[in-house]
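Chemist: Residue numbers (the numbering used here), protein chains in the order written: chain E, 1 to 305; chain V, 1001 to 1221. Each residue gets a CB set at the ideal place from its N, CA and C atoms; glycine is no exception. Quick one: structure below, then a few questions.
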Ligand SMILES: Nc1ncnc2c1ncn2[C@@H]1O[C@H](COP(=O)(O)OP(=O)(O)OP(=O)(O)O)[C@@H](O)[C@H]1O
Ligand SMILES: [Mg+2]
């Protein structure tokens, strides 16, 4: 079964090398863009979940705060809270002093220093919980804000929200881009197969006349589409990997502007598999559309009347 | 075996290529078809082999009613017959051997049988030594013999041969005719178009003549 298919493929490559090559290159380019989008998507999301891993929240209290019992029980009851700690005005000031000591040594000894820092509760969340539930964290923060005497709840919301918006925008636009590219790749495969077929009208006619079935004539062309898609998607993974490595070296040489705590990673094996699968499927589908018009069983008849 | 009644074929133009053709050929017969160029011999063979659909009329071949034949049955019908086309219809990018083996491969025969049977028929048409050549590397007569070998390789019940000796010298023509006689003796019905009156005379077979798409029967004894 496979042997005749491979022979067909070898003949097509011998006879239409330039077109086949062009098709593979164009498809590889297309799939590479898709692979790179996947890669960016994955790493953008990863940064978001890594942030989730280390999420902590500061609930700042004003000086008149007096219903700590209620607040504590609210915090205790909340899902996902791993631990919390009360930081008094004095402790906050001490921590602050410890932090700035090396920069402004005088401050520490300044007896006139009036403590501007509020007391607060520092909440740490369960890793696995906060990873998935960014929205819950946001809601929890809003609920705490409603408490009388709570001045401010801070969990780095600004940059996270901006970042999440960027990720969202990226996901939408890359989704659209991928859709357009995949549609385009159908045409690219289709065009190549259509060419193979039109160059082989005579052969198809002869095969029909000596008794080949419709599908035994069609399947080699579908196989051709499959191989084109398969090869191109494999190449695209290699290209994506090269781009990834290059990107890594750029980031590393940029002295960690993005922050060393976030480790970028390459496409998972599963994603690579999905890309190859998608590539192959689109090759098959593109070929299939062309091939259904081929070999009706009466190609010779149609040609002569 | 072959039964035509009131068969007409009109090409766009319109050209009336077959006109009220009625034919009955029994199993095992050997029949020549003669007639001037453009009289409709090839067209008759084409409608007979399910290459073309007739414009009207009924054609029954090997138990298949070609008017009612289902699409999926067409290839199986075509496997039962062997056709030598006037223009050979060889696959340009496959060797002589691959061309001839094709009907067996299509049928799904075992490789060992395909090898043996193809080699055998190649010997019979005297082209074994050219088995790895491509068709365009052969002379017209050699290509014609490849076409004959391909039409016979799967031992069809009916052999339809459109001028199978048109490109052959007299000696080779005789050899090929002997081969057709041999397959006929083994039970294959042979229907053979030719311009070669000498050959027809020597062979003493039933002869049908066609003129402007109309069959005139006459027996050459
Ligand atoms: N595809 C076609 N379209 C239009 N007219 C055709 C076509 N094929 C054949 N004809 C016409 O039909 C008539 C019969 O042609 P056909 O090929 O059957 O003749 P033939 O007897 O085989 O001739 P020859 O001995 O030269 O092979 C001719 O007038 C020819 O011009
Ligand atoms: Mg003819």
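1. Under a CB-based cut-off of 8 Å, is residue 1135 of chain V close to chain E?
2. If you reduce the DSSP assignment to three classes, tell me which class residue 256 of chain E lands in.
3. What does DSSP give as the partner residue(s) for residue 183 of chain E in the beta ladder?
4. Please output, in chain order, the residues near ligand 2 using a CB cut-off of less than 7 Å to any non-hydrogen atom of the ligand.
5. Using the beta-carbon of each residue, which ones in chain E are nearer than 9 Å to residue 1106 of chain V?
6. Please confirm whether residue 149 of chain E and residue 69 of chain E have their CB atoms less than 8 Å apart.
7. Can residue 1030 of chain V and residue 1190 of chain V be called in contact, C-beta distance under 8 Å?
8. Which residues of the segment 195-206 of chain E have a Cβ closer than 8 Å to any Cβ of chain V? Give them in chain order.
9. Would you report the Cα separation of residue 1114 of chain V and residue 1104 of chain V, rounded to the nearest angstrom?
10. Where residue 1062 of chain V and residue 1025 of chain V are concerned, what is the direct C-alpha to C-alpha distance, given to the nearest angstrom?
11. Checking 8 Å against the spacing of the C-beta atoms, do residue 1013 of chain V and residue 1210 of chain V come in under that value?
12. With distances taken between CB atoms, is the gap from residue 167 of chain E to residue 44 of chain E smaller than 8 Å?
13. From what residue to what residue does the beta strand (DSSP E) around residue 87 of chain E run?
14. Short of 8 Å in beta carbon distance, which residues of its chain neighbour residue 170 of chain E, apart from the five on each side in sequence? Order them along the chain.
15. Please list the partners that residue 301 of chain E has in chain V, where partner means a Cβ-to-Cβ separation under 8 Å.
16. DSSP three-state call for residue 1001 of chain V: helix, strand or coil?
17. Any beta carbon from chain E within less than 8 Å of residue 1091 of chain V's own beta carbon?
18. Decide yes or no for the touch test of the segment 266-281 of chain E against the segment 225-245 of chain E: beta carbon pairs closer than 8 Å, at least 3 of them.
19. Which residues, in chain order, does the segment 216-246 of chain E contribute to contact with chain V at a C-beta distance below 9 Å?
20. Tell me whether residue 213 of chain E sits in a helix, a strand or coil according to DSSP, three-state version.
21. Residues of chain E with CB closer than 9 Å to the CB of residue 1061 of chain V, please, in chain order.
22. Listing by chain order, which chain E residues have their CB less than 7 Å from the CB of residue 1102 of chain V?
23. How about residue 1103 of chain V: is its Cβ closer than 7 Å to a heavy atom in ligand 1?
24. Tell me which residue opens and which closes the beta strand (DSSP E) that residue 1031 of chain V is part of.
25. Ligand 1 heavy atoms versus the CB of residue 1119 of chain V: any closer than 7 Å?
26. From E:172, E:143, E:226, pick the residue whose C-alpha is nearest to that of residue 193 of chain E; which is it?
27. Pick out the complete alpha helix (DSSP H) segments inside the segment 1112-1153 of chain V, 4 residues or longer, and give them in chain order.
28. Does residue 1163 of chain V have its Cβ less than 8 Å from a Cβ in chain B?
29. CB residue 117 of chain E to CB residue 154 of chain E, shorter than 8 Å?
Modeler: From the atom records:
1. Translated into positions along the second chain, residue 1135 of chain V becomes position 135. Not closer than 8 Å to any Cβ of chain E, the Cβ of residue 1135 of chain V fails to qualify, so no.
2. The sequence position of residue 256 of chain E within the first chain is 256, counting from 1. Because the pLDDT at residue 256 of chain E is just 47, under 50, the model does not fix this residue reliably, and the value given afterwards should be weighed accordingly. Correct three-state label for residue 256 of chain E: coil.
3. Numbered from its first residue, the first chain carries residue 183 of chain E at position 183. DSSP output for residue 183 of chain E lists no bridge partner at all.
4. V:1041, V:1042, V:1086, V:1162, V:1163, V:1193
5. By one-based count along the second chain, residue 1106 of chain V stands at place 106. Residues of chain E passing the Cβ test: 207, 210, 211, 212, 213, 216.
6. By 1-based counting over the first chain, the position of residue 149 of chain E is 149. By 1-based counting over the first chain, the position of residue 69 of chain E is 69. Not closer than 8 Å, so no.
7. Start at 1 with the first residue of the second chain, and residue 1030 of chain V comes out as number 30. Start at 1 with the first residue of the second chain, and residue 1190 of chain V comes out as number 190. Against a cut-off of 8 Å, the Cβ pair of residue 1190 of chain V and residue 1030 of chain V comes out as a contact.
8. 202, 203, 205, 206
9. In the second chain, counting from the first residue as 1, residue 1114 of chain V sits at position 114. In the second chain, counting from the first residue as 1, residue 1104 of chain V sits at position 104. If you take the alpha carbons of residue 1114 of chain V and residue 1104 of chain V, they lie about 6 Å apart.
10. Within the second chain, residue 1062 of chain V is the residue found at index 62, counting from 1. Within the second chain, residue 1025 of chain V is the residue found at index 25, counting from 1. Cα to Cα, residue 1062 of chain V sits roughly 11 Å from residue 1025 of chain V.
11. Position 13 of the second chain, counted from the start, is the residue given in the question as residue 1013 of chain V. Position 210 of the second chain, counted from the start, is the residue given in the question as residue 1210 of chain V. Against a cut-off of 8 Å, the Cβ pair of residue 1210 of chain V and residue 1013 of chain V comes out as no contact.
12. Working through the first chain from its first residue, we reach residue 167 of chain E at position 167. Working through the first chain from its first residue, we reach residue 44 of chain E at position 44. The answer is yes: Cβ separation under 8 Å.
13. Counted from its first residue, the first chain places residue 87 of chain E at position 87. Residues 81-87.
14. If you number the first chain from 1, residue 170 of chain E lands on position 170. 40, 41, 44, listed in sequence order.
15. Walking along the first chain from the start, residue 301 of chain E turns up at place 301. Simply 1051, 1052, 1053.
16. The count along the second chain starts at 1 and reaches residue 1001 of chain V at position 1. Coil at residue 1001 of chain V, not helix or strand.
17. Here residue 1091 of chain V refers to the residue found at position 91 of the second chain. Closer than 8 Å: yes.
18. yes
19. 216
20. Reading the first chain from its first residue, position 213 is the one you call residue 213 of chain E. Coil at residue 213 of chain E, not helix or strand.
21. Residue numbering aside, residue 1061 of chain V sits at position 61 when the second chain is read from its first letter. Here the premise fails: no neighbours, minimum Cβ distance about 14 Å.
22. Here residue 1102 of chain V corresponds to residue number 102 of the second chain, with the count starting at 1. Within chain E, the residues near residue 1102 of chain V are 210.
23. Counted from its first residue, the second chain places residue 1103 of chain V at position 103. Outside the cutoff, so no.
24. Counting from 1 along the second chain, the entry for residue 1031 of chain V is found at position 31. Taken as a continuous stretch (DSSP letters only), the beta strand (DSSP E) holding residue 1031 of chain V covers 1030-1034.
25. By one-based count along the second chain, residue 1119 of chain V stands at place 119. No.
26. One-based indexing of the first chain puts residue 193 of chain E at position 193. Checked all of E:172, E:143, E:226; the closest Cα to residue 193 of chain E is E:226.
27. 1140-1152
28. The structure shown contains no chain B; the protein chains it does contain are E and V.
29. Locating residue 117 of chain E in the first chain gives position 117, where the first residue counts as 1. Locating residue 154 of chain E in the first chain gives position 154, where the first residue counts as 1. Not in contact: residue 117 of chain E and residue 154 of chain E (Cβ atoms no closer than 8 Å).
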